[in-house]
Structure formats: structure tokens, C-alpha cells
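Trainee: Position in the sequence shown (from 1) plus 1 gives the number in the numbering used here. Don't be surprised by glycine CBs; every beta carbon is placed ideally from N, CA and C. Mind looking over this structure? Questions follow.
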Amino acid sequence: MTTPLHETDAAVTQFAVLDALLAGAYESGMRVDEATAIGDFGLGCVDHLGGEVVILDGTAIECTLDGPPVAMGGDEILPFAIVCRFPDVPAVRVGVGMGGGEGARDVASFAASVEGTLASRNLFHAVRFDGVLSEVRVRVTPRQHHPLPRLAEVTSHQVETVARGIRGTLVGFWTPAIYQGIAVAGLHVHFLSEDRSLGGHVLELAVDAGDLRVAAFARLDLRLPTDELFLRTELTHAEDHRIVAVEGGGAAS
């Protein structure tokens with residue numbers, strides 16, 4: 002099934018760019034209440050990269066090292082965020098015994114399932130999967146302090162958790178290759194368990210069974226920080242290999 006293009010005036014809205022995180026420029030951000038006023042679906046990171054964020058059904062939920070995922074306050078800051086209003090689109094059944102064949106065995110095969118539904122590889126797509134994962138590996142990063150380190154250093158201290166046979170939701174975006182460095186080219190996914198016991202940035206997964214929904218967007222609304230650190234940090238996109246290493250960059254993150 003090919004995903005139809007969502008209404009042309011609908012947009013994916015993004016605050017900041019991935020290359021800024023790579024360069025250590027993530028001092029300011031978008032307020033949670035501003036992000037959720039723009040969209041009811043999305044992902045991001047916690048202030049000073051102190052965790053990962055899932056925006057699901059209009060609620061922003063932070064996944065940190067302090068305990069289970071919890072709802073965020075409206076005045077909390079997201080130094081990087083991607084949001085949209087997820088439209089009512091038909092689901093594709095994925096997984097054994099659900100009319101979709103075998104479940105995706107890993108991130109690459111899940112990305113292939115998503116890419117099989119794209120309206121075009123030149124458009125942005127919001128991706129939602131609800132169901133059971135036979136395995137998922139997620140990461141959460143610790144809060145950073147001045148001087149702010151580059152993202153590669155931050156992820157070298159990430160805490161990873163593996164869960165098996167867990168029900169939840171994958172929240173993500175598929176981005177065209179030409180936007181690598183602005184966002185993560187390819188599939189970028191976060192996970193939140195149904196019981197909110199686990200969440201984070203997806204490093205690896207295996208799908209058991211569930212519903213995949215993909216929505217195409219032809220508009221990107223990019224909003225850039227204006228704090229002093231961002232303004233004086235020249236971004237050159239010279240570290241594409243680091244995006245692949247820390248974010249996936251074409252597979253998933």
C-alpha cells in the first residue's frame with residue numbers, strides 16, 4: 002500500500018537541526034506547550050540532552066535516567082523536536098498471524114516495511130506503530146553541563162535497556178536523504194511502552210505484531226534557535242559519519 006499525500010497545507014514542524022547537537026549547540030529550545038500546540042505527535046530530547054522525548058496523542062513524555070517515563074510540564078524545554086498533527090490514515094497489519102507476513106526482524110527490516118509504504122522518497126513521513134515488539138533496545142542520555150559536549154561524546158555515556166515481549170508505540174519520522182544533518186535521513190524512531198515503564202531512542206528492534214500507520218507531508222516548517230551559542234556556532238555538516246554512528250542516519254535511531 003502506498004501512503005497518500007496528506008493535505009498540502011499540513012506540515013512537519015522541527016525546532017533546531019541535528020548538526021547543532023553534533024556541534025554541542027543545544028543551549029535553548031522550544032517550550033513543551035508550544036510544541037504540543039503545533040502537533041499531537043512527535044519526538045525530541047530533554048533540556049541539555051538529559052533524556053529522550055515522545056509526543057503521543059498530544060502529551061509530551063520524557064524518558065530519563067531518573068525513573069520511568071513521565072509527562073512533561075508545559076514550560077519545560079526541548080532543544081530539538083519534530084512534531085506534526087498525525088492524520089487519520091489506514092493501518093497496515095505487520096507481523097505473524099496478522100495478514101502482514103513475518104514481523105520485522107530488526108531495524109533494517111522495519112525500515113524496509115516503512116519504505117514500502119512511502120508516497121515518495123522526496124517527502125517527509127510521520128511513522129507510528131502500535132503493537133508488540135519481540136525485542137527493543139533503547140537508549141537514554143544523561144543531562145549535560147557546561148561546557149556542553151558534542152553529541153558523539155554524550156552518546157558515549159548513554160544508558161541502554163533491552164526489553165522483550167513488550168507492548169507499546171513506536172513514534173518516528175522518515176526523512177529524505179537530502180535533509181541529512183538538518184534531521185536524521187531515513188528512519189528516526191523513539192519508543193514508549195504501553196504501561197509507561199520504558200521509553201527512549203530506538204537502537205534496535207524486532208516486531209512481533211501490530212499496526213503500522215504512515216502519513217506523508219510535503220511541508221517542513223523549520224525553526225532555528227536564536228541563543229548566543231547557536232548564533233556563533235558555524236554549522237558546516239562535515240560529520241555525516243557521526244550521524245550514522247550516533248543516530249542511525251539512514252536506518253533508524
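Looking only at DSSP bridge pairs, what is alanine 127 linked to?
Mentor: Locating residue 127 in the sequence shown gives position 126, counting from the first residue. DSSP lists Phe174 and Ala216 as partners of alanine 127.
Trainee: Exposed or buried, alanine 105, counting other C-beta atoms within 10 Å across all chains shown (16 or more means buried)?
Mentor: Along the sequence shown, one-based indexing puts residue 105 at 104. Buried, since its Cβ has 16 or more Cβ neighbours within 10 Å.
Trainee: DSSP on alanine 207, reduced to helix/strand/coil?
Mentor: Position 206 of the sequence shown, counted from the first residue, corresponds to residue 207. The answer is strand: DSSP assigns alanine 207 an E or B state.
Trainee: Select from Ala219, Asp107 and His147 the residue whose C-alpha is nearest the C-alpha of cysteine 85.
Mentor: One-based indexing of the sequence shown puts residue 85 at position 84. Selected option, being the one with the closest Cα: Ala219.
Trainee: Near threonine 4, which residues of its chain fall below 8 Å by C-beta distance, leaving aside the five closest residues on each side in sequence?
Mentor: As a working note, residue 4 is residue 3 in the sequence shown. Hits under 8 Å: Val90, Thr118, Leu119, Ala120, His126, Val215, Ala216 and Ala217.
Trainee: Which value, in whole angstroms, describes the spacing of the CA atoms of valine 18 and phenylalanine 81?
Mentor: As a first step, residue 18 is located in the sequence shown; it is residue number 17 there, counting from the start. As a first step, residue 81 is located in the sequence shown; it is residue number 80 there, counting from the start. Approximately 7 Å, taken between the alpha carbons.
Trainee: How is threonine 65 classed by DSSP in three states: helix, strand or coil?
Mentor: Mapped onto the sequence shown, residue 65 falls at position 64. It is a strand residue.
Trainee: Please state whether DSSP places aspartate 20 in a helix, a strand or coil.
Mentor: Translated into the one-based positions of the sequence shown, residue 20 becomes position 19. Helix.
Trainee: Excluding the 5 residues preceding and the 5 following leucine 199 in the sequence, name in chain order all residues of the same chain whose CB lies nearer than 6 Å to its CB.
Mentor: If you number the sequence shown from 1, residue 199 lands on position 198. Excluding positions up to five away in sequence, the list reads Ala164.
Trainee: Ordered along the chain, which non-local residues of its own chain (more than five positions away) have a Cβ less than 6 Å from that of glutamine 15?
Mentor: Taking the first residue of the sequence shown as 1, we reach residue 15 at position 14. Answer for glutamine 15: Ile83 and Leu223, listed in chain order.
Trainee: Shortest alpha-carbon distance to tyrosine 27 belongs to which of Leu230, Gly173 and Leu236?
Mentor: By 1-based counting over the sequence shown, the position of residue 27 is 26. Checked all of Leu230, Gly173 and Leu236; the closest Cα to tyrosine 27 is Leu230.
Trainee: Can you tell me where the alpha helix (DSSP H) holding alanine 56 begins and where it ends?
Mentor: The residue you call residue 56 lines up with position 55 of the sequence shown. It should be noted that the sequence gives isoleucine, not alanine, for residue 56. Taken as a continuous stretch (DSSP letters only), isoleucine 56 belongs to no alpha helix (DSSP H), being part of the beta strand (DSSP E) at 53-57.
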